[in-house]
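Residue numbers (the numbering used here): 539 to 733. As structure tokens, the structure follows; a few thoughts come after it.
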């Protein structure tokens, strides 16, 4: 994890030194998430995200947008986590809450002044899970996962409106070796450039 952080800092620092502009802002929005896997039933959960972003303009049409934000979602029993409940005997819990710190690095491709296409990796670090009812439940989910993001962003002066799709690459399952549980999500939100 330390090596990844050092590489990201060096990459962003070098981009800043060659960039035409650096800006910062805050962001917030809603999430629609789903976990898919071998025996996991279909189902969606709703949550939110809050955080900050940077804008590094390399040229008029290309930029880098690093972000850090916290996202939280609650999954009700009977939606997409039937397998977790069955495998860990969590029959007494009616809801599981997840909290992630997310670090995406997005490439902004701007065909026009008011619109950009975004694509890039996102690393999520699991920071909160209320699975402590059973001793082995804390080991059910891995502490981090890797995803790819793709979407768009609209620019209205300092206001940003964005929509993204997140597709999990790595499995979050740490309970059953034979199953891959992967996340996918739709992020919708607003950003405000402050500096």
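Every residue, glycine too, gets a C-beta built ideally from N, C-alpha and C.
Where residue 724 falls: helix, strand or coil (DSSP): strand
7 Å Cβ shell around residue 503 - same chain, five flanking residues per side excluded: No information on residue 503 is available, as it lies outside the stretch 539 to 733 that the chain covers here.
Per-residue DSSP class, three states only, for residue 618: Any answer about residue 618 is weak, because its pLDDT of 44 lies below 50 and its placement is not dependable; what the coordinates show is given next. The answer is coil: DSSP assigns residue 618 none of H, G, I, E or B.
Proximity of residue 698 and residue 689 at Cβ, strictly below 8 Å: Contact flag unset, no.
Residues near residue 657 in its chain [Cβ-Cβ closer than 6 Å; skip 5 each side]: 645 and 688
Bridge partner(s) assigned by DSSP for residue 659: 686
Three-way DSSP call (helix, strand, coil) for residue 596 in this model: coil
Cβ-based burial, residue 630 [other Cβ within 10 Å; buried from 16]: Residue confidence is low: residue 630 scores 49 on pLDDT, short of 50, so the model does not pin down where it sits. Its coordinate-derived value is still stated next. Exposed, because fewer than 16 other Cβ atoms sit within 10 Å of the Cβ of residue 630.
Local conformation of residue 636 per DSSP, three classes: strand
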